[in-house]
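Chains as they are written, first to last, in UniProt numbering: chain Z, 1 to 222; chain L, 1 to 222; chain R, 1 to 222; chain G, 1 to 222. Glycine included, C-beta positions come from ideal geometry on N, C-alpha and C. As the structure is a computational prediction, the values presented were derived from the model and not from experiment. Single-structure report; data block below.
There are 4 protein chains.
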Amino acid sequence: MSEENLLDAIIAQAKLSKKQTTKQRKIVETAVKLFAEKGYANTSTSEIAKFAQVAEGTIFRHYGTKDNLLLSVILPFIKDAMPTMAESVFSGIMTQNTACFEDFLRALIKNRLLFIKENKEIFQVVVKELLYNDELRKELQPYFFENIMQRISKVITMFKERGELIDVSSDTLLNMIFNVVGSYFVSRFVLQLAYSDMDEEAEVENLVRFIMDGIRKPSQGM
Amino acid sequence: MSEENLLDAIIAQAKLSKKQTTKQRKIVETAVKLFAEKGYANTSTSEIAKFAQVAEGTIFRHYGTKDNLLLSVILPFIKDAMPTMAESVFSGIMTQNTACFEDFLRALIKNRLLFIKENKEIFQVVVKELLYNDELRKELQPYFFENIMQRISKVITMFKERGELIDVSSDTLLNMIFNVVGSYFVSRFVLQLAYSDMDEEAEVENLVRFIMDGIRKPSQGM
Amino acid sequence: MSEENLLDAIIAQAKLSKKQTTKQRKIVETAVKLFAEKGYANTSTSEIAKFAQVAEGTIFRHYGTKDNLLLSVILPFIKDAMPTMAESVFSGIMTQNTACFEDFLRALIKNRLLFIKENKEIFQVVVKELLYNDELRKELQPYFFENIMQRISKVITMFKERGELIDVSSDTLLNMIFNVVGSYFVSRFVLQLAYSDMDEEAEVENLVRFIMDGIRKPSQGM
Amino acid sequence: MSEENLLDAIIAQAKLSKKQTTKQRKIVETAVKLFAEKGYANTSTSEIAKFAQVAEGTIFRHYGTKDNLLLSVILPFIKDAMPTMAESVFSGIMTQNTACFEDFLRALIKNRLLFIKENKEIFQVVVKELLYNDELRKELQPYFFENIMQRISKVITMFKERGELIDVSSDTLLNMIFNVVGSYFVSRFVLQLAYSDMDEEAEVENLVRFIMDGIRKPSQGM
DNA sequence: CATGAATGAGCCTTCATTCAT
DNA sequence: TATGAATGAAGGCTCATTCAT
């Protein structure tokens with residue numbers, strides 16, 4: 001889980017992923033499902049092999065180690081989570097419908113919600129392992145900050161300059177937003193708490209509103 | 001991790017814990033530390049025995065199974081986290097300084113922050129295992145909701161009736177608050193992200209402010 | 001030792017046994033020897049592995065559990081002990097040389113004696129475990145009665161109708177015969193008591209004579 | 001299970017048994033029950049301690065080892081089984097009602113049946129362990145032969161001289177009788193097979209008749 | 001005499017990984 | 001490339017036995 005540089009791994013991964021055989025795809029799919037269900041540590045390679053209808057040796061022929069299989073599950077997701085967010089999301093979102101920060105926030109949340117809904121199981125794996133596996137977290141953290149956080153940070157700074165946001169450091173603002181949105185995703189898709197009776201649209205709206213305005217009732221007379 | 005009722009386990013545990021040996025204490029302490037560091041699944045009983053300077057058999061004489069050792073680590077924390085919160089916190093807080101919901105919220109956060117700071121490692125274990133271990137989560141959830149959530153929910157309802165909070169269901173309000181505060185605790189004590197340059201006092205104040213007022217700058221003229 | 005049906009186990013076993021590895025054969029051979037020598041409960045899998053010159057894991061790759069290894073030793077013997085006896089023995093014996101019950105009995109004893117002499121060690125294991133292991137006995141008993149006892153019972157009934165045997169229920173007759181023959185096999189092959197100075201031929205003859213005529217000296221004058 | 005001489009053990013045992021505390025009796029009673037139920041090898045000392053409501057240490061204070069506890073269970077039974085049989089049975093029986101061997105045999109069987117019925121569980125333990133435990137068997141065998149077999153052998157010889165029994169060596173006769181009677185006891189009290197619908201009286205009578213006369217129907221005309 | 005905490009060797013089993021086919 | 005038999009280290013757990021109290 002440690003050795004070398006993560007980016008190298010990503011690149012190596014990319015190379016391999018070109019010629020993915022049917023069996024390889026089956027292996028990764030099965031691994032995702034099982035890791036999501038029971039966690040990486042509680043899933044054995046023999047189990048993966050059985051459900052993927054593949055010999056156990058085949059897994060190791062392609063991925064070398066179980067750790068590496070985990071990376072092969074997680075990295076493409078991370079790779080996708082970031083640049084997608086970066087490119088299509090930002091530039092795309094920023095230009096048109098984003099008269100104000102609230103619009104940007106709403107668009108961002110909707111965009112990520114869609115992405116995660118389509119990758120629910122991998123999201124579960126990533127969150128669980130990021131929390132559980134210190135090594136992995138340490139490796140991914142800097143990469144994560146540089147790509148996502150900084151980018152959003154810039155947007156926030158921009159809107160702050162426009163005077164739309166309160167006078168708190170951009171990092172702090174970013175953090176608050178990230179926490180609220182992140183904990184929403186986690187409790188919904190990982191913990192799978194069914195607390196709310198709102199529909200999704202309303203939930204997003206509520207999230208946005210909460211972030212923008214908090215919970216205090218505006219004094220009537222004003 | 002499944003069988004039986006959790007409350008029974010708690011009771012049984014309480015009974016046993018009366019005559020705790022020095023070795024028993026040592027075992028639990030070591031288990032907490034190692035579980036926090038590397039997670040339950042990645043910590044072996046032989047490792048615990050080694051660091052606790054105890055024969056491996058001794059662990060099983062007292063706790064029967066590794067699973068049960070985990071419970072012996074987690075349950076006292078849970079038991080403390082809830083009633084303490086319930087009693088001392090609520091009644092104590094509610095009477096004096098709680099002219100408004102904001103004061104209640106601030107007191108609550110400070111109180112729990114103190115508690116978690118004093119039990120940092122166990123908190124890590126609890127969070128990690130709650131996320132990682134589905135069985136455990138399912139067992140603890142109802143117990144958790146009934147004790148904590150409902151109680152806070154009542155307070156929220158009360159303040160809503162006083163007209164201090166926006167017109168959103170108490171459950172939703174509770175959730176939003178819980179997410180913000182919870183994710184603060186998690187990212188600070190579990191993920192150990194050192195994002196902020198604020199001191200603790202300021203962080204709490206910022207949290208309270210964020211929950212109450214959001215991030216939108218009040219329009220100047222108003 | 002309990003779950004499921006024994007016949008299923010036999011069938012599953014049969015399927016697996018098609019492609020038996022050299023190592024597998026070695027494992028079973030060693031297991032038979034050691035179980036016979038010291039009993040199932042006093043033989044460790046590591047010991048079996050050592051003597052079979054196999055990694056301990058190999059045992060479990062093929063047999064899953066120690067219990068299952070025992071079954072893999074016992075079941076083929078049982079399977080062979082019964083149908084063989086049933087078919088070849090009965091029909092074979094019955095037709096030609098069996099003018100009377102005595103001839104049938106003699107042929108049966110000789111046939112089984114041969115079989116057990118060729119499977120002495122497994123016979124020891126079976127007897128010991130059948131006596132020692134209640135679960136196993138309960139599982140095997142019905143199977144045993146239906147296949148062996150009933151079949152012999154029919155023969156006995158037939159000869160009774162011919163008027164060759166005394167007027168006692170067939171079951172009781174069967175039991176007496178089985179006890180005499182069985183205890184002969186057990187004391188000779190399991191307890192390994194060397195009481196007799198007769199040769200085998202004479203022993204069988206004595207057995208037959210005893211069963212047929214008892215020990216009372218015929219009154220001279222008659 | 002091996003060291004030293006068995007007779008010494010018996011004597012030592014006798015000494016101890018004089019001042020048997022309540023706890024000691026409880027321990028032996030429990031041990032008998034559990035050994036009978038699940039076999040020596042599958043019964044743990046902690047289990048015995050639990051059911052006997054005694055600390056585990058207490059068992060070892062009195063009996064030193066688990067092996068020795070087994071001996072403490074078995075030896076008194078053996079000691080009783082033999083002399084009792086020897087004295088009261090033989091001399092007692094022989095004089096009065098034993099006009100013929102059949103009477104002697106009947107009396108002997110009835111006497112032992114009574115004894116075993118009163119010591120059913122210990123009998124189970126003895127039989128199972130004698131079969132399972134080679135060491136134990138080797139130790140007890142000579143002792144057994146010298147005390148029981150020889151004594152009965154003399155009686156048989158006597159009746160042979162009277163011309164009541166067929167011309168087969170006394171040892172062989174003894175063996176045949178022992179096998180029939182023994183296997184009856186074992187299948188009834190150890191295997192607990194409920195094959196027969198006769199009452200006990202009839203069963204004994206049948207046993208005697210079988211031993212004396214076999215199963216062949218006497219030819220009518222003679 | 002009785003206790004029960006403590007021990008550590010040994011047990012059965014799992015599992016990631018290797019390698020000959 | 002794919003297989004699956006084989007491995008052996010490591011894991012959780014049991015148990016007879018010891019010993020301080």
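Residue nearest to residue 34 (chain R) within the set R:62, R:138 and R:70 is R:70 (criterion: CA-CA distance). Here residue 99 (chain L) is exposed. Its C-beta has fewer than 16 other C-beta atoms within 10 Å. About 7 Å separates the beta carbons of residue 129 (chain G) and residue 74 (chain G), which is inside the 8 Å limit, making them a contact pair. With a beta-carbon spacing of about 6 Å, residue 26 (chain Z) and residue 54 (chain Z) fall inside the 8 Å limit used to define contacts. Taken through DSSP and simplified to helix, strand or coil, residue 216 (chain R) comes out as strand. In the structure shown, residue 165 (chain L) adopts extended strand secondary structure according to DSSP, grouped into three states. Here the C-alpha atom of residue 117 (chain R) lies approximately 10 Å from the C-alpha atom of residue 111 (chain R).
With fewer than three CB-CB distances shorter than 8 Å, the stretch 145 to 164 of chain Z does not count as touching the stretch 148 to 156 of chain L. Close CB contacts of residue 124 (chain G) within its chain, under the 6 Å cut and outside five residues either way in sequence, are with 36 and 190 (chain order).
In this structure, residue 60 (chain L) sits away from residue 30 (chain L), with a CB-CB distance that is not shorter than 8 Å.
Here the alpha carbon of residue 183 (chain Z) sits roughly 25 Å from the alpha carbon of residue 32 (chain L). Listed in chain order, the alpha helix (DSSP H) elements of length 4 or more contained wholly in the stretch 145 to 196 of chain R are 150 to 161 and 170 to 185.
Taking C-beta atoms as the reference points, residue 122 (chain Z) and residue 204 (chain Z) fail to come closer than 8 Å.
At a cut-off of 8 Å, the C-beta of residue 216 (chain G) has a neighbouring C-beta in chain R.
For residue 67 (chain L), the three-state secondary structure derived from DSSP is helix. Contact between residue 166 (chain R) and residue 177 (chain G) does not hold, since their C-beta atoms are separated by about 19 Å, which reaches or exceeds 8 Å. Taking a C-beta cut-off of 9 Å against chain G, the contacting residues of the stretch 25 to 56 of chain R are 37, 38, 39, 40, 41 and 42, listed in chain order. In this structure, DSSP gives residue 198 (chain R) a state outside helix and strand, which the three-state scheme calls coil. In the structure shown, residue 44 (chain L) falls within a coil segment according to DSSP collapsed to helix, strand and coil. Between residue 199 (chain L) and the set Z:172, Z:119 and Z:28, the nearest pair of CA atoms involves Z:172. Using beta-carbon distances, residue 163 (chain L) counts as an interface residue toward chain Z, with a partner under 8 Å. Look at residue 21 (chain L) here: in three-state DSSP terms it is coil, with no helix or strand label. With a 10 Å radius around the Cβ and a threshold of 16 neighbouring Cβ atoms, residue 81 (chain Z) comes out buried.
Taking residue 77 (chain G) as the centre and dropping the five residues before and after it, the same chain places the C-beta of 119, 122 and 126 closer than 7 Å to its C-beta, in chain order. Annotated as distal: residue 168 (chain L) and residue 210 (chain L), with beta-carbon spacing of 8 Å or more. Proximity to residue 218 (chain L) across Z:160, Z:20 and Z:38 peaks at Z:160, based on C-alpha coordinates. Distances from the alpha-carbon of residue 162 (chain L) to those of L:102, L:106, L:24 and L:137 put L:102 closest. Burial is judged here by how many other beta carbons sit within 10 angstroms of a residue's own beta carbon; residue 24 (chain G) has at least 16 and is buried. Residue state for residue 141 (chain Z) is assigned as helix, using DSSP reduced to three classes.
Distance from the Cα of residue 185 (chain G) is smallest, within the candidate group G:170, G:144, G:114 and G:213, for G:114. Under the Cβ distance rule, residue 72 (chain R) does not count among the residues neighbouring chain G, no pair being separated by less than 8 Å.
Rounded to whole angstroms, the separation of the alpha carbons of residue 106 (chain G) and residue 67 (chain R) is 43 Å. The Cβ of residue 117 (chain Z) sits no closer than 8 Å to any Cβ of chain L. Residues of the stretch 145 to 161 of chain R with a C-beta atom less than 8 Å from some C-beta of chain G do not occur.
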